[in-house]
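Per the UniProt record's numbering, residue 1 is the first one in the sequence shown, and the count goes up by one each step. Yeah, the Cβ is synthetic: ideal placement off N, Cα and C, and Gly gets one too.
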Amino acid sequence: MYAFRWPEEDVEICSPESGSLALNEWIFSTQIQGKIFAPVLLDYLDNKKSIKSTSYFSLMEYALELIDFFKTRYGLDARSIQNKELANKDALINFIEHSSYNFVQRDMILAIARKLISNGFELKKSTNGISTKKRTQDINHPAITAHIKDLHRSGVKEKSVNGKYKISYALFLNWLNKTYVQFQSTSCDALPLSLVTEEHLLEFKQYLLRLEKKGIYIKQTVSNSFYDIRFLLANLYKLGWLAKDITMDVTGIPYERYYYRELPTDAELQCFFHNIQLYSDHPTLELAAFGLMLCLGLRIHEVANIRYQDINVENRTISVFGKNEKSAILPLPDPLQNYFHKLVVNKSQDVHLFGNNSQSTIRKLRAQYKLYSFVSGWKYPGGPHLLRHTFISRLSERTDCPSQLLMYLARHDRPENTARYVHRSSNQLTNAVNKINY
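Written out as C-alpha cells, the structure reads:
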C-alpha cells in the first residue's frame with residue numbers, strides 16, 4: 001500500500017549528524033540564525049541546544065513569534081530588532097498577555113527580562129488562558145452595543161450573542177489593544193473603531209490562522225470568528241458608525257465540514273520516517289507509534305492506550321480499543337512486526353507500551369509529529385490525524401478492499417464517516433474524468 005522502504009529497526013545511526021542534539025543544531029543553524037538578530041535571544045537559544053528537541057522546537061517557534069510581534073508593532077525588519085527593542089517592558093508584557101505559552105517558553109521570556117529589564121518583571125497570565133465567559137461578560141463598547149441591538153432586532157437570540165458573537169468581539173478588541181500602539185491609550189470599550197483599516201483586518205485574519213496552526217483553535221472556530229468581525233464592521237458602516245466599509249475586498253477563512261485534503265506522497269512519508277530514525281533518541285518506539293497511525297489508521301488516543309498484553313507477536317495481531325471502548329483485533333502490518341518484536345523483548349515495567357500516562361503520551365506524540373513533519377518539509381495542516389486520513393484513502397484505492405471491509409478497518413459505524421476520510425489527488429480526478437466515455 002505504501003511504496004517506500006521502512007527504516008530497519010536494528011539499524012542505529014551513530015554519527016555527529018544524528019540524534020536530538022544534531023536536530024537542535026539543525027534547528028539553530030537553519031531556522032534561528034538569519035531570522036533572529038537580538039544577541040540576548042540568540043545566546044539564550046544557543047545555550048539551550050541540549051534540551052529535548054520538541055522543547056527546543058517550541059522555543060524556536062515562540063522566539064520567532066516574539067520577533068514577528070515586534071515587526072508588526074513597530075514596523076521593523078528582523079535585523080532592527082535588537083536588545084534595545086526587546087528591553088521595552090510594556091511591549092514585552094503586551095506580547096506575553098497576547099500569546100499562549102508553555103513552561104519552556106515562559107522561562108525564555110523570564111530569562112530575557114532578567115537580562116534586559118532592571119525593574120521587577122512580573123509574568124501575567126496569558127489572555128488566551130482566560131475563560132470565554134470572563135472575556136466576554138463585560139463588553140460595553142458603544143458601537144458594538146449598537147450592533148448587538150441591531151442583531152436582536154433581526155431575530156438573533158441572546159444565547160447566540162453571548163455564546164458566539166461576544167467571544168469574537170472580545171478577541172478582536174483585545175488583539176487591537178495589545179498589538180498596535182495607536183489602540184493602547186484607551187480601554188477596549190473605548191477603542192476608536194473608526195481607525196481600523198483593511199490592513200488591520202487582514203493582519204487579524206493572519207493572527208487567527210496562526211492560532212489555528214498552533215492548535216489553540218480549530219479551523220471552524222477561526223473561520224466563524226473572522227466572519228463575525230467582518231459582519232460587525234460591515235454592519236457598523238451600514239449603521240453609520242464607520243465612514244467606510246473596509247470589508248469589501250477582504251475574503252473570509254473558508255471552512256467546510258468535509259473538505260479535500262492533500263495527503264503526503266510515498267517520498268514524503270519515507271522522509272518523515274527516515275527523520276525519526278535519524279533524529280530520535282528512541283527511534284523504535286516512535287517508528288512503532290507513528291507506524292500504527294499510518295499502517296492501521298489508529299487514532300492518537302488509541303496508540304497512547306496500547307498495552308503490552310494487546311500485542312500478539314506470534315499471531316501477528318494487535319487489539320485496539322477505540323471510541324466507546326469498542327474493540328477490534330487487527331493484523332499487525334509487516335513493516336511494524338520487527339519494531340514490536342523488539343519492544344516486547346525489551347519490555348519495560350509499564351503496563352502501556354508508550355507510557356502509563358496516556359495524556360502525557362498524547363501531548364508527546366503531537367509535539368513529535370509537529371517537529372518531524374516540519375523537518376520533513378511538510379506543509380499539510382493539522383496534526384497526526386492526517387496519517388489516519390492517509391491510511392483510509394490509500395486503502396480505498398485497493399480493488400481487493402470493498403466498502404464493508406474498508407469500514408471495518410477504519411472502525412467506523414457509518415459509511416458517511418468513512419467517506420470523509422477518502423481523498424483523491426487532482427491527478428487521480430483528472431484521469432477518472434478522462435476515462436468517462438461521453
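Local Cβ density within 10 Å of Asp273, reported as buried at 16 or more and exposed below that = The residue asked about is misnamed: residue 273 is Phe in this sequence, not Asp. So Phe273 ends up on the buried side.
Closer than 7 Å by C-beta to Ala234: which residues in its own chain qualify, once you throw out the five before and the five after it? Chain order, please.
-> Correct list, in chain order: Asp245 and Thr247.
Determine, using beta carbons only, whether Arg307 and Val351 come nearer to each other than 8 Å.
-> Result yes, Cβ atoms of Arg307 and Val351 sit closer than 8 Å.
From Leu45 to Lys115, what does the alpha carbon distance come to, in whole angstroms?
-> Going from the Cα of Leu45 to the Cα of Lys115 covers about 14 Å.
For Gly19, is the classification buried or exposed, using 16 other Cβ atoms within 10 angstroms of its Cβ as the cut-off for buried?
-> When all chains shown are included, Gly19 counts as buried.
Compute the beta-carbon to beta-carbon distance between Ala367 and Thr54, rounded to the nearest angstrom, for a pair I have assumed lies under 8 Å.
-> 4 Å between Cβ atoms; contact.
Check each candidate in Asn305, Asp400 and Phe226 and name the one with the smallest Cα separation from Leu365.
-> When each option's Cα is compared against that of Leu365, the closest is Asn305.
Look up Ile300 in the DSSP assignment and say whether it is helix, strand or coil.
-> Helix, per DSSP.
What does Ser194 pair with, by DSSP beta-bridge criteria?
-> DSSP output for Ser194 lists no bridge partner at all.
Please specify which runs of the alpha helix (DSSP H), each continuous and at least 4 residues long, are wholly inside the stretch 265-300, giving them in chain order.
-> Listed in chain order, the complete alpha helix (DSSP H) runs (minimum 4 residues) inside the stretch 265-300 are 266-279 and 283-295.
Should Leu332 and Arg316 be called a contact, given that it needs their Cβ atoms to be closer than 8 Å?
-> With respect to the 8 Å criterion, Leu332 and Arg316 are classified as neighbours on the basis of their beta carbons.
At a cut of 8 Å, does the stretch 66-85 reach the stretch 34-51 through at least three beta carbon pairs?
-> Yes, they touch.
Option nearest Leu239 by Cα separation, candidates Asn174, Ser360, Lys149 and Phe340 | Shortest Cα-Cα distance from Leu239 to any of Asn174, Ser360, Lys149 and Phe340 involves Lys149.
Buried or exposed for Thr197, please, with buried defined as at least 16 other CB atoms from any protein chain shown within 10 angstroms of its CB.
-> It is exposed - the Cβ of Thr197 has fewer than 16 other Cβ atoms within 10 Å.
Mapping DSSP to helix, strand and coil, what is Ala328?
-> In the structure shown, the three-state DSSP call for Ala328 is strand.
Would you mind stating whether Ile300 and Ile362 have Cβ atoms separated by less than 8 Å?
-> In terms of Cβ geometry, Ile300 and Ile362 form a close pair [threshold 8 Å].
Could you check what DSSP says for Thr399 in three-state terms: helix, strand or coil?
-> Correct three-state label for Thr399: coil.
Of all the beta strand (DSSP E) runs that stay within the bounds of the stretch 323-377, which reach a length of 3 or more residues?
-> Positions of the beta strand (DSSP E) runs, each at least 3 residues long and wholly inside the stretch 323-377, are given as 327-331 in order along the chain.
Please name the residue in Thr221, Tyr339 and Leu193 whose C-alpha comes closest to that of Leu242.
-> Closest option to Leu242, Cα to Cα, is Leu193.
What first and last residue would you give for the beta strand (DSSP E) that runs through Phe321?
-> First-last of the beta strand (DSSP E) with Phe321: Thr317 to Phe321.
Does the stretch 260-279 come close enough to the stretch 366-385 that 3 or more CB-CB pairs lie under 8 Å?
-> Flag = yes, the stretch 366-385 and the stretch 260-279 touch.
Would you give the residue range spanned by the alpha helix (DSSP H) that Ser55 belongs to?
-> Counting along the chain, Ser55 sits inside the alpha helix (DSSP H) bounded by residues Ser53 to Tyr74.
Rounded to whole angstroms, what's the CA-CA distance from Thr102 to Ala288? Just pull it up for me.
-> Reading off the sequence, residue 102 comes out as Asn, not Thr. For the pair Asn102 and Ala288, the Cα-to-Cα distance works out to about 27 Å.
How long is the line joining the alpha carbons of Lys379 and Met407, rounded to whole angstroms?
-> The C-alpha of Met407 is placed about 28 Å away from the C-alpha of Lys379.
Asp245: first and last residue of the uninterrupted alpha helix (DSSP H) it sits in | Here Asp245 belongs to no alpha helix (DSSP H), and DSSP marks it neither H nor E.
DSSP beta-bridge partners for Arg307?
-> DSSP links Arg307 through a beta bridge to His352.
Leaving out the 5 sequence neighbours to the left and right, which residues in its chain are closer than 8 Å to Leu429 when beta-carbon positions are compared?
-> With a pLDDT of only 45 at Leu429, under 50, the local geometry of the prediction cannot be trusted, and the value read off the model is given with reservation. Cβ neighbours of Leu429 beyond the five flanking positions: none.
Taking all protein chains shown into account, decide if Leu211 is buried (16 or more other Cβ within 10 angstroms of its Cβ) or exposed.
-> Burial call: buried.
Minimum C-alpha distance to Arg411 - residue among Leu386, Thr390, Ala328 and Ile51 = The option with the nearest alpha carbon to Arg411 is Ala328.
Tyr74, buried or exposed, once every other Cβ within 10 Å from all chains shown has been counted against 16 = Counting of Cβ neighbours within 10 angstroms places Tyr74 among the exposed residues, the total staying below 16.
Where does Gln33 fall in DSSP's three states?
-> Under the three-state reduction of DSSP, Gln33 is assigned to strand.
Based on the DSSP secondary-structure assignment, which residues constitute the bridge partners of Arg312?
-> According to the sequence as given, residue 312 is Asn; it is not Arg. Assignment of beta-bridge partners to Asn312 by DSSP yields Thr317.
Backbone CA spacing between Lys52 and Leu21 [nearest angstrom] | About 8 Å.
Cut-off 7 Å between Cβ atoms - residues of its own chain near Phe226, not counting five sequence neighbours on either side | Here the set comprises Lys205, Leu208, Gly252 and Ile253.
Kindly indicate which three-state DSSP category Pro39 falls into: helix, strand or coil?
-> Reduced to three states, the DSSP call for Pro39 is helix.
Glu199, DSSP secondary structure in three states | When DSSP states are grouped into helix, strand and coil, Glu199 belongs to the helix group.
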